[in-house]
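Okay, structure first, notes after.
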Amino acid sequence: MVKHNSKSEVTLEALEAEIADLIDDPVLREEWHNTHIPILESKTPKSYFNTPSDRARLMQVVLEMKFGEMA
0 MVKHNSKSEV TLEALEAEIA DLIDDPVLRE EWHNTHIPIL ESKTPKSYFN TPSDRARLMQ
60 VVLEMKFGEM A
């Protein structure tokens, strides 16, 4: 698992590593990247790759999914 400091910027590489750890099948991962997700304002995860604040939000969601903190 990649460590994340709350004050450091979430890199695309770190985000992709966490997503790969969550969804190990590349086909399913690509499908998830392009699926509209309600908690992401019905946008796709891939649309959150571009800005530091969007990557931080997506990382938060991925970690919540990974550790079962989502209802």
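Okay, so the sequence shown: first residue is 0 according to numbering that gives the first Met the number 0, each after it adds one.
From the three backbone atoms N, C-alpha and C, an ideal C-beta is built for every residue, glycine too.
Values in this document were obtained by computation on a predicted structure and should not be read as measured data.
Inspect the beta-carbon positions of residue i and residue j and report whether they are closer than 7 Å.
i: L21; j: F48; result: no
i: R56; j: V9; result: no
i: E17; j: V60; result: no
What residue range is occupied by the uninterrupted alpha helix (DSSP H) comprising residue i?
i: V61; result: P51 to K65
Where does residue i sit, in a helix, a strand or coil, going by DSSP?
i: I38; result: helix
i: M0; result: At M0 the pLDDT is 47, less than 50, meaning the model places this residue with poor confidence; the figure from the coordinates comes in the next sentence. Correct three-state label for M0: coil.
i: E29; result: helix
i: I18; result: helix
i: S7; result: coil
i: E12; result: helix
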